[in-house]
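One structure is given below, encoded as structure tokens.
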Amino acid sequence: MTGRSPATPGGTGSRAASAPGPEARRHAPATARNRAAIAEALQDWLPGKGSLLELASGTGEHALYLSARLPNIDWLPSEPDPDLRRSIEAYRLSDGGANLSAPLAVDVTAADWRLPETALPLTAMVCINMIHIAPWAAAEGLFAGAARYLAPGGGLFLYGPFKRGGAHTAPSNAAFDESLRARDPAWGVRDLEAVSDLARRAGLAPPLIREMPANNLSLWFARDADPKDGQ
Ligand SMILES: C[S@@+](CC[C@H](N)C(=O)[O-])C[C@H]1O[C@@H](n2cnc3c(N)ncnc32)[C@H](O)[C@@H]1O
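Residue numbers for the sequence shown follow our numbering, so the first one is 1 and each next one is one higher.
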């Protein structure tokens with residue numbers, strides 16, 4: 001799949017009529033702090049080429065930065081929020097490389113993500129800082145999507161804070177968890193073991209684990225070349 005396809009962001013409207021200008025770009029400060037370490041982990045773990053779907057792309061700053069460092073990967077950002085899709089598209093139009101596609105409108109809890117046939121099966125999926133800032137159903141939907149769309153030999157990359165053995169790994173993560181639950185009781189820092197169990201049931205291997213700055217983890221859940229059904 002080619003990044004400069006005429007696909008419209010979110011599949012709505014004509015691109016010429018709705019192309020966002022630079023003022024649509026949003027900024028999430030954390031992306032500048034974590035992107036270099038995330039790029040290193042991806043460079044170590046991703047297959048050398050193929051199509052990659054990023055879920056919950058947010059502002060699009062990760063998509064812009066990471067796709068530039070992985071030029072042989074066709075990077076498809078996605079985001080359910082239309083304003084954020086405009087931000088992603090604005091970054092892509094101003095600075096994106098040939099391997100960065102227009103954003104798709106994917107809600108991971110949907111039964112059908114309506115992905116372009118040209119991108120399937122996916123070589124990889126990437127999801128950064130989402131499953132703790134969404135109900136548990138989003139984690140379930142993410143892994144259900146991995147089971148549906150990932151190619152054998154591919155994998156799912158997850159980044160964020162996690163509990164291990166039922167305990168927080170740092171006081172700052174415990175405080176963050178409390179603040180998340182105060183905003184929405186359905187949110188919260190997830191247990192690595194519970195997430196790994198979802199992965200197992202989706203036919204993915206136990207994760208490779210890398211400790212990251214600020215008490216976060218990067219996880220790589222590989223889909224074996226000869227996948228088992230995981231049940
Ligand atoms: C904290 S932001 C992280 C954005 C970006 N990945 C980053 O690290 O800057 C959480 C994102 O999850 C997205 N999100 C929440 N629920 C979702 C769902 N069900 N499916 C897909 N994305 C979702 C939100 O729209 C938001 O962009």
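The beta carbon of each residue, even a glycine, is placed where N, CA and C say it ideally should be.
Check: Can you tell me the Cα-Cα spacing of G166 and L192, whole angstroms?
Finding: For this step, residue 166 is matched to residue 166 along the sequence shown. For this step, residue 192 is matched to residue 192 along the sequence shown. Taking the straight line from one Cα to the other gives about 8 angstroms.
Next item on the list: Please report the Cβ distance between G97 and S67, rounded to the nearest whole angstrom; I am assuming they are in contact, meaning their Cβ atoms lie under 8 angstroms.
Entry: Residue 97 sits at position 97 when you count from the first residue of the sequence shown. Residue 67 sits at position 67 when you count from the first residue of the sequence shown. Rounded, the Cβ-Cβ distance is 6 angstroms, consistent with contact.
Margin query: What would DSSP say about I209, mapped onto helix, strand or coil?
Written below: As a first step, residue 209 is located in the sequence shown; it is residue number 209 there, counting from the start. For I209, the three-state secondary structure derived from DSSP is strand.
Note to self: Let's see if you can read the secondary structure: which residues bound the beta strand (DSSP E) around S51?
What the structure shows: Taking the sequence shown and counting its residues from 1, the one referred to as residue 51 is at position 51. S51 -> beta strand (DSSP E) spans G50 to L55.
Check: Which residues bound the beta strand (DSSP E) around D74?
Finding: Mapped onto the sequence shown, residue 74 falls at position 74. Segment I73 to P77, the beta strand (DSSP E) holding D74.
Checklist line | Alpha-carbon to alpha-carbon, S87 and R232 | finding: Outside the modelled stretch of the chain, which goes from 1 to 231, sits residue 232, for which no answer is possible.
Checklist line | Chain-ordered list of residues that sit, by beta carbon, closer than 7 angstroms to a heavy atom of ligand 1 | finding: A28, A30, T31, L55, A56, S57, G58, T59, E61, H62, E79, P80, D81, L84, V106, D107, V108, T109, I128, N129, M130, I133, A134, A138 and G141
Notebook entry, point to check: Buried or exposed: where does H27 fall if 16 or more other Cβ atoms within 10 Å of its Cβ makes it buried?
Noted result: Taking the sequence shown and counting its residues from 1, the one referred to as residue 27 is at position 27. A residue is called buried when at least 16 other Cβ atoms come within 10 angstroms of its Cβ; H27 does not meet this threshold and is exposed.
Next item on the list: Please work out which residues of its chain come closer than 7 angstroms, Cβ to Cβ, to A138, disregarding the five sequence neighbours upstream and downstream, and give them in chain order.
Entry: By one-based count along the sequence shown, residue 138 stands at place 138. If we look at A138 and ignore the five residues flanking it on each side, its Cβ neighbours are V108, T109, M130 and I131.
Notebook entry, point to check: Buried or exposed: which applies to N34, given that a residue is buried once 16 or more other Cβ atoms fall within 10 Å of its Cβ?
Noted result: Sequence index remark: in the sequence shown, residue 34 carries index 34 (1-based). It is buried - the Cβ of N34 has at least 16 other Cβ atoms within 10 Å.
Next item on the list: Sort S94, A19 and A124 by Cα distance to L55 and report the nearest one.
Entry: As a working mapping, residue 55 is identified with position 55 in the sequence shown. When only C-alpha atoms are compared, the closest one is A124.
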